[in-house]
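Participant: Could you have a look at this structure, given as structure tokens, before my questions?
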Amino acid sequence: MATYRTELREGYAFLVRTRLLLGITVMVMITNGLSQSWSSVLLPVHAREHLGGAADLGLLTAVFGGCALVGALLYGAYGERFPRRPVFAIAFLICGAPQYVVAGLTDGLLPLAVTMATGGLAAGVLNPILTTVIFEQVPTGLRSRVSGVTTAGVELTMPLGGLVAGFLVERAGLGHTMLAVGGAYLLATLSPLVFPAWRAMERGRGPVPAAPEISSSEPGRPYQAPAAPTPRPSAS
């Protein structure tokens with residue numbers, strides 16, 4: 001138990017010292033909670049009340065997921081040609097708030113399907129960029145420790161997303177809740193464009209903090225990207 005606590009402290013200490021990783025964790029923690037409200041409450045209720053029910057819900061989920069796969073493949077083929085921070089910021093802006101706004105202001109399937117297809121393509125680039133950046137920022141021996149604390153951080157708000165969304169839908173109505181959550185999502189996804197620490201996403205930018213003395217000679221297990229950093233239209 002003492003060894004576990006020591007390694008946990010090492011992970012948190014490195015995360016706090018690395019402003020880029022801390023910014024990523026906080027941003028994804030917020031967007032994951034908002035995404036969970038979409039996948040578990042807002043989209044299912046919208047499909048039931050304004051679309052064709054479960055069939056349209058399944059179609060939208062498939063469209064988003066398929067396009068996200070295509071986006072990831074395209075970024076893998078051509079992503080090296082473009083700077084990371086603008087691509088990441090624009091992609092997050094596209095795949096986040098627009099679907100809430102379109103669903104909140106329209107009732108038809110086609111506008112939301114087109115929006116989610118575009119958002120899926122954009123969402124596909126997010127995890128490849130995050131995984132690459134974290135591999136560059138985190139020393140090999142600390143990857144398992146940092147992976148543990150970042151994964152715990154980005155999943156912290158997910159149980160609350162559906163709970164809060166359900167409460168807001170009951171109190172304020174579906175449309176107003178959609179627009180409010182979309183606004184919050186927009187503000188969260190502006191952070192890569194606002195805060196200077198995000199400039200370290202680019203290759204060779206931003207010194208990596210010195211790693212503390214590792215408490216165990218066992219190397220860290222390979223890093224696993226933070227779970228579900230992209231908005232997902234289906235329940236987790």
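So the sequence shown is numbered by this note's numbering: it starts at 1 and just counts up by one.
Where is the CB? At the ideal position from N, CA and C, for every residue including glycine.
(1) Within 10 angstroms of its Cβ, does V149 collect 16 or more other Cβ (buried), or is it exposed?
(2) Taking its Cβ as the centre, do 16 or more other Cβ atoms sit within 10 Å of Y75, making it buried, or is it exposed?
(3) Taking the alpha carbon of L34 as the reference point, which residue from P196, V194, P192 and A180 has its own alpha carbon closest?
(4) Starting from F88 and walking both ways along the alpha helix (DSSP H), at which residues does that stretch end?
(5) Apart from the five residues on each side of it in sequence, which residues of its chain come closer than 6 angstroms, Cβ to Cβ, to V208?
(6) With H, G and I counted as helix, E and B as strand and the rest as coil, what does DSSP make of V138?
(7) Using 10 angstroms around the beta-carbon of R84, count the other beta-carbons present and answer buried if the total reaches 16, otherwise exposed.
(8) Is it right to say F82 is buried, meaning 16 or more other beta carbons lie within 10 angstroms of its own, or is it exposed?
(9) My output table needs one value for D107: the three-state DSSP class, helix, strand or coil.
(10) Going by alpha carbons, who is nearest to M178 out of S191, G161 and L190?
(11) Measuring CB atoms only, is the region 90 to 98 touching the region 184 to 202, in the sense that at least three cross pairs come out at less than 8 angstroms?
Facilitator: Answer, in terms of the structure:
(1) buried
(2) buried
(3) A180
(4) R84 to C95
(5) The pLDDT assigned to V208 is 49, lower than 50, so where the model puts this residue is not dependable, and the model offers no usable value.
(6) coil
(7) buried
(8) exposed
(9) coil
(10) G161
(11) yes
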